[in-house]
Amino acid sequence: METITINGVANIDECAARFLQLTAGRKHFAFLGPMGAGKTTFIKAICEQLKVVDIVSSPTFAIINEYRTENQESVYHFDFYRIKSIDEAFNLGYEEYFYSDNYCFIEWPEKVDDLIDDDFVTVEINPINETERVVTINI
């Protein structure tokens, strides 16, 4: 287990770079944390480190966003907050994404817990105050 402390937007890029160093070789991540913890914001910073050229935004209504890097590699970003049953994940064809060799970031993985395997790194984001967050990486 590793921890990173985000002290606001001033060091979020440095924290995202550190996150990628600590998780080198891993590409599938399940992000846990309360509403407003900063999951999407941190994923956006990670995507910037990965050289994503598309606009990174919350896939709350779309459920999944696909981004492209400078090298035309795909990065998948899920938000399962609004799904009502695991069948919705099956209907999305989750296997194509989860079992790919591309980066896959999942918000609200507890909604599809049965689909998350040992390949996923669990990342917990806990707010300390309005700007500070503690990121716990369970490798």
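Numbering-wise (our numbering), the sequence shown opens with residue 35 and increments by one.
Glycine included, C-beta positions come from ideal geometry on N, C-alpha and C.
- Straight-line spacing of the CA atoms in F132 and N41 works out to 31 Å.
- Taking 8 Å as the cut-off, the Cβ atoms of I159 and A71 count as close.
- Judged by DSSP secondary structure, D147 falls outside any beta strand (DSSP E); it is assigned neither H nor E.
- In terms of CA proximity to Q106, D88 leads the group D88, D113 and I77.
- G67 and P161 have their alpha carbons spaced roughly 8 Å apart.
- Burial of A123 is indicated by the presence of at least 16 other C-beta atoms within 10 angstroms of its C-beta.
- Here E144 is exposed. Its C-beta has fewer than 16 other C-beta atoms within 10 Å.
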